[in-house]
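S.K.: Numbering-wise, the working numbering comes out as the position in the sequence shown, counting from 1, plus 232.
From the three backbone atoms N, C-alpha and C, an ideal C-beta is built for every residue, glycine too.
Pasting in a structure now, in structure tokens, and then I'll have a few things to ask.
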Amino acid sequence: MEKERLDPWGTGSVKDYARLQSEFGIEPVASLLPRFRTPSPHLSRGIDFGQRDLARVLDAVDAHKPYAVMSGIKPTGDFHLGTKMTADDMVYFQSLSKKGMVYYAIADVEAYADNGLSFQQTSKIAIRNVADILALGLDPDRAVVYLQSENLKVLQLGTVFSKGVTNNMLRAIYGERQIGLYMSALYQAGDILMPQLPELGGPKPVLVPVGADQDPHIRLSRDLAARYHEEYGFVPPSSIYHRLMLSLNGSEKMSKRAADSLITLESRPNDASKKILTAFTGGRDTVEEQRRLGGRPDICPVYDLYRFHFAKDDRHVETVNHECSGGVRLCGECKQEVTGLVKTYLEEHHRKRDAMTKDAEDLLAKSRDYLSSKGR
Ligand code: SF4
Numbered sequence: 233m234e235k236e237r238l239d240p241w242g243t244g245s246v247k248d249y250a251r252l253q254s255e256f257g258i259e260p261v262a263s264l265l266p267r268f269r270t271p272s273p274h275l276s277r278g279i280d281f282g283q284r285d286l287a288r289v290l291d292a293v294d295a296h297k298p299y300a301v302m303s304g305i306k307p308t309g310d311f312h313l314g315t316k317m318t319a320d321d322m323v324y325f326q327s328l329s330k331k332g333m334v335y336y337a338i339a340d341v342e343a344y345a346d347n348g349l350s351f352q353q354t355s356k357i358a359i360r361n362v363a364d365i366l367a368l369g370l371d372p373d374r375a376v377v378y379l380q381s382e383n384l385k386v387l388q389l390g391t392v393f394s395k396g397v398t399n400n401m402l403r404a405i406y407g408e409r410q411i412g413l414y415m416s417a418l419y420q421a422g423d424i425l426m427p428q429l430p431e432l433g434g435p436k437p438v439l440v441p442v443g444a445d446q447d448p449h450i451r452l453s454r455d456l457a458a459r460y461h462e463e464y465g466f467v468p469p470s471s472i473y474h475r476l477m478l479s480l481n482g483s484e485k486m487s488k489r490a491a492d493s494l495i496t497l498e499s500r501p502n503d504a505s506k507k508i509l510t511a512f513t514g515g516r517d518t519v520e521e522q523r524r525l526g527g528r529p530d531i532c533p534v535y536d537l538y539r540f541h542f543a544k545d546d547r548h549v550e551t552v553n554h555e556c557s558g559g560v561r562l563c564g565e566c567k568q569e570v571t572g573l574v575k576t577y578l579e580e581h582h583r584k585r586d587a588m589t590k591d592a593e594d595l596l597a598k599s600r601d602y603l604s605s606k607g608r
């Protein structure tokens, strides 16, 4: 049987999450759910499905000890709903304890290596991306947000790590890629391990929320944490993985490279509505068949819109699933309902986000000062 292949820079999807877990040693989240007093919608709806060493972070939360939440965005354009999932997880895990500090990397080195965007282009996009995550609820008083290319600590760690890895090791994790992508992977390992540098409080649990396709970066970072443990005392980073949303156009994965596959937080409400109304569904060919056989929410991107983002609560998700599978719900009415929810959400998000541009600039400037005050 062909192995699940994970490509953090590709457009493939995950076909079998259970196989992914067993092939890459990702543990299920389910056994840890009782430790959450108020699980996030991602936890209660099974969207966050896997983890590595999440218990270490929960132990820090329970003991009121410092921990970090680290992730980032590749600033190639607008925040899409997949990126929003990572941001939602960061905001949630930051909220679990006042001792939780967020580090958010704007991966402009990767945007250059993978997409050819200049650093001037990405610095403008970054401000809007930071305003988006602030509007999603990030607490700026416990957050450090930076551009990878400006962060000397990350660049230096990436350089140190480049001496500890071989071409074969990177090829085994990522396949044959350009040197620029390998370099950006080493800088990402720098992003992930930076919160444990002595000047930032030293070794501590670090949680990295990511989509399932980003696991290669986690494996590389954990490997490097072990290789450099003696020198830096690194604790292996923990991770939590969310499922990938189905693409609106029926292709494997939502991607910024295919505009009709996704909705972004920048989308105009009417444009988002049009994409939903023409989206692929898990519906049957005729109304009669759908009434008789039921729809297929498991392959339906419209159902994913409810489940991952826009349902009012968990019961609403269950109702949609039940009505769809039972043939009570038809795709036309189902799309109309979610379209209304998406439009309301986007209008509200735009209002909040537009009011936060200055806060985003301030947070980037404050973070720059903070990192440079911590020495080189
Ligand atoms: S009824 Fe809704 S959830 Fe079911 S297949 Fe149709 S669009 Fe998807």
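(1) Which of helix, strand or coil does DSSP assign to residue 498?
(2) Quick one, what's near the ligand NAD if you take every residue whose CB is closer than 7 Å to any heavy atom, in chain order?
(3) Is there contact here, the region 344-357 with the region 578-588, by at least three beta-carbon pairs under 8 Å?
(4) Going along the chain, which residues of its own chain have a beta-carbon closer than 8 Å to the beta-carbon of residue 421, five neighbours each way excluded?
(5) For residue 376, which of 432, 539 and 347 has the nearest alpha-carbon?
(6) Could you tell me how far apart the beta carbons of residue 338 and residue 283 are, in whole angstroms, since I believe they sit closer than 8 Å?
(7) State the DSSP-derived secondary structure class of residue 564, mapped to helix, strand or coil.
(8) Excluding the 5 residues flanking residue 553 on each side, which residues of the same chain have their C-beta closer than 6 Å to its C-beta?
(9) Considering Cα atoms alone, identify which of 598, 592 and 596 is closest to residue 364.
(10) Note down the Cα distance separating residue 301 from residue 570, rounded to an integer number of angstroms.
(11) Just to confirm, is the Cβ distance from residue 439 to residue 325 under 7 Å?
(12) Go to residue 460, then tell me how far its beta strand (DSSP E) extends in each direction, as first and last residue.
(13) Helix, strand or coil for residue 259, going by three-state DSSP, please let me know.
(14) Under DSSP, the beta strand (DSSP E) around residue 378 begins and ends at which residues?
(15) Is the Cβ-Cβ distance between residue 480 and residue 493 less than 7 Å?
(16) Round the Cβ separation of residue 412 and residue 435 to the nearest angstrom and send it over; I've been treating them as touching at under 8 Å.
(17) Sorted by chain position, which residues of the same chain lie with C-beta nearer than 6 Å to residue 233's C-beta, five sequence neighbours on each side aside?
(18) In its own chain, which residues sit with a C-beta less than 6 Å from the C-beta of residue 259, not counting the 5 before and 5 after it?
(19) How big is the Cα-Cα spacing for residue 508 and residue 583?
(20) Which partner residues of residue 441 appear in the DSSP bridge assignment?
(21) Pop quiz: residue 470 and residue 285 are said to be a contact at Cβ under 8 Å. What is the actual Cβ separation, rounded to whole angstroms?
(22) Distance, Cα to Cα, residue 264 vs residue 369?
(23) What is the residue span of the beta strand (DSSP E) that residue 302 lies within?
(24) Could you give the distance in angstroms between the alpha-carbon of residue 588 and the alpha-carbon of residue 251?
(25) Could you tell me the distance, in whole angstroms, from the CA atom of residue 535 to the CA atom of residue 317?
(26) Rank 594, 430 and 556 by C-alpha distance to the C-alpha of residue 607 and give the top, closest one.
(27) Taking only three categories from DSSP, how would you classify residue 323?
(28) Out of curiosity, what's the CA-to-CA distance linking residue 500 and residue 585?
(29) What are the boundary residues of the beta strand (DSSP E) that residue 310 is part of?
(30) Only counting the same chain, and skipping five residues up and downstream in sequence, which positions put a Cβ closer than 7 Å to that of residue 437?
(31) Looking at C-alpha atoms only, which residue of 565, 371, 415 and 511 is the closest neighbour of residue 621?
M.R.: Let's see:
(1) coil
(2) The ligand NAD is absent from the structure shown, which contains only the ligand SF4.
(3) no
(4) 389, 390, 393, 449, 452, 453 and 456
(5) 432
(6) 25 Å between Cβ atoms; not a contact.
(7) helix
(8) 529
(9) 592
(10) 31 Å
(11) yes
(12) From DSSP, residue 460 is part of no beta strand (DSSP E); its letter is neither H nor E.
(13) strand
(14) 375-379
(15) yes
(16) Not a contact, Cβ separation roughly 30 Å.
(17) In this prediction, residue 233 has a pLDDT of 49, which is less than 50 and means its spatial position is unreliable; what the coordinates show is noted afterwards. Same-chain partners within the cutoff: there are none.
(18) 283
(19) 22 Å
(20) 472
(21) 4 Å
(22) 24 Å
(23) 299-305
(24) 42 Å
(25) 16 Å
(26) 430
(27) helix
(28) 14 Å
(29) Where residue 310 is concerned, there is no enclosing beta strand (DSSP E), given that its DSSP letter is neither H nor E.
(30) 288, 289, 292, 299, 467 and 470
(31) Look at the range of the chain in this structure, 233 to 608, and you will see that residue 621 is not part of it.
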